[in-house]
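Enquirer:
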Amino acid sequence: MNRAGTTLLQKTGQIERTVDRDFADEETKYKTFEKECQALQKDSKAMTSAQGRLADTIDIFYGAADKASEGAMAAHAYKRAVDDLDTGVGREMHLVNEHINKRNKKLLDYDSARSKMNKLIAKPSEDPTKLPRAQQEHDDAKEVFDMLNDQLISELPQLLDLRVPFFDPSFEAMIRMQCKFAEEGYEKLSGVQRYFADNVRDDYAAGQLDAQVEGVLQEMKELTICGAS
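In this text, residue positions in the sequence shown follow this note's numbering: the first is 12, and each later residue adds one.
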């Protein structure tokens, strides 16, 4: 009997379905984690794309300088963090899901073999070799299923425990590099102030430039061609 037939017979109650509460609990926790990761990836997709371009630019910029400098090392860590967030998590999730799918297929094989064996026990065949063969098929299927099942029950909690050690340094590297980039960018842009007239520098220091910009924007909004249609 193929797996599709086993699934159909389980739905109609003709074959008993194995329910492993320990695995079900761990799978539920994992699926919640997977859903949260997918939401994180979806919400940050546009940002990650922009961060990736920024990371490449920064890495190239610092790559031309001293690779042992603080800026170069921060740029490298930042680029690696962006790459890990973009591909690392998704790749690992795909592999875990493959293991879960394989476990579920082997579970169908085990349930089918157990059902076949139990039927021969309840109603012996005239062929004395059928029951021993069914017993061997059952034992082999159970061994394979138990191995995969026990592995997932053991390692899924370990995977979830690793989420903080993975995300913490990744985000820390991103934030540190952004701070470093912003700090150096501010220093460079601040140097442009010496080309401004004295009154412009005074207005900037007093925080009046923002008010002037807002005033101009308001005047633009009041124009008919900029108004709502």
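We treat Cβ as the ideally placed atom computed from N, Cα and C, and that holds for glycine.
#1: Can you find at least 3 beta carbon pairs, one from the segment 37-44 and one from the segment 155-175, that sit closer than 8 Å?
#2: Is the beta carbon of Tyr121 sitting closer than 8 Å to the one on Ala152?
#3: Can you tell me the Cβ-Cβ gap for Ile111 and Leu163, rounded? I've got them flagged as a contact below 8 Å.
#4: Let me know if Arg32 comes out buried or exposed under the rule of 16 or more other beta-carbons within 10 Å of its beta-carbon.
#5: Take the Cβ of Ile26 as the centre, count every other Cβ of all protein chains shown within 10 Å, and call the residue buried at 16 or more, exposed below.
#6: What is the DSSP secondary structure of Arg28, counted as helix, strand or coil?
#7: Report yes if the CB atom of Thr29 is closer than 8 Å to the CB atom of Leu118, and no otherwise.
#8: Is the Cβ-Cβ distance between Met128 and Glu45 less than 8 Å?
#9: Find the nearest neighbour of Cys3 within the set Gly101, Ala35 and Gly16, judged by alpha-carbon distance.
#10: Which stretch, first to last residue, makes up the alpha helix (DSSP H) that contains Leu234?
#11: Quick check on DSSP: helix, strand or coil for Ala124?
#12: Return helix, strand or coil for Gly218, following the three-state DSSP convention.
#13: Here's a check: name, in chain order, each residue in its chain whose Cβ is nearer than 8 Å to the Cβ of Ile132, leaving out the five neighbours to either side.
#14: Compute the Euclidean distance between the alpha carbons of Leu159 and Asp150, then round it to the nearest angstrom.
#15: Per DSSP, what kind of secondary structure is Ala208 in: helix, strand or coil?
#16: Excluding the five sequence neighbours on either side, which residues of its own chain have a C-beta within less than 8 Å of the C-beta of Ser240, listed in chain order?
#17: DSSP on Thr17, reduced to helix/strand/coil?
#18: Pull up the distance between the alpha-carbon of Val224 and that of Leu234, whole angstroms please.
Expert: Taking the geometry as given:
#1: Judged by Cβ distances under 8 Å, the segment 37-44 makes contact with the segment 155-175, as three or more pairs qualify.
#2: Locating residue 121 in the sequence shown gives position 110, where the first residue counts as 1. Locating residue 152 in the sequence shown gives position 141, where the first residue counts as 1. Tyr121 places its beta carbon less than 8 Å from that of Ala152.
#3: In the sequence shown, residue 111 corresponds to position 100, counting from 1. In the sequence shown, residue 163 corresponds to position 152, counting from 1. About 7 Å separates the two Cβ atoms, so the contact holds.
#4: If you number the sequence shown from 1, residue 32 lands on position 21. By the neighbour-count criterion, in which a residue is buried when 16 or more other Cβ atoms sit within 10 angstroms of its Cβ, Arg32 is exposed.
#5: What you label residue 26 is simply residue 15 of the sequence shown in a count that begins at 1. By the neighbour-count criterion, in which 16 or more other beta carbons inside 10 Å mark a residue as buried, Ile26 falls on the buried side.
#6: Along the sequence shown, one-based indexing puts residue 28 at 17. Three-state DSSP puts Arg28 in coil, outside helix and strand.
#7: In the sequence shown, the residue the question calls residue 29 occupies position 18. In the sequence shown, the residue the question calls residue 118 occupies position 107. Yes; because the gap between Cβ atoms is below 8 Å, this pair is in contact.
#8: Residue mapping note: residue 128 aligns to position 117 of the sequence shown, counting from 1. Residue mapping note: residue 45 aligns to position 34 of the sequence shown, counting from 1. When the beta-carbon positions are compared, Met128 and Glu45 stay at least 8 Å from each other.
#9: This structure cannot settle anything about residue 3, because the visible part of the chain is limited to 12 through 240.
#10: The count along the sequence shown starts at 1 and reaches residue 234 at position 223. Looking at the DSSP string, Leu234 is not in any alpha helix (DSSP H), and its letter there is neither H nor E.
#11: By one-based count along the sequence shown, residue 124 stands at place 113. Helix.
#12: Stepping through the sequence shown from its first residue, residue 218 is reached at position 207. Residue state, collapsed to three classes: coil.
#13: What you label residue 132 is simply residue 121 of the sequence shown in a count that begins at 1. Around Ile132, the same chain offers Leu142 as residues with beta carbons nearer than 8 Å, after the five sequence neighbours per side are excluded.
#14: Numbered from its first residue, the sequence shown carries residue 159 at position 148. Numbered from its first residue, the sequence shown carries residue 150 at position 139. Taken atom to atom, the span from the alpha-carbon of Leu159 to that of Asp150 is near 14 Å.
#15: The residue you call residue 208 lines up with position 197 of the sequence shown. If DSSP states are grouped into helix, strand and coil, Ala208 belongs with coil.
#16: Looking up residue 240 in the sequence shown gives position 229. In this prediction, Ser240 scores a pLDDT of 49, lower than 50, which makes its location untrustworthy; the coordinate-derived value is nonetheless stated afterwards. No residues qualify anywhere along the chain.
#17: Position 6 of the sequence shown, counted from the start, is the residue given in the question as residue 17. Under the three-state reduction of DSSP output, Thr17 falls in the helix class.
#18: Residue mapping note: residue 224 aligns to position 213 of the sequence shown, counting from 1. Residue mapping note: residue 234 aligns to position 223 of the sequence shown, counting from 1. If I take the Cα positions, the gap works out to 16 Å.
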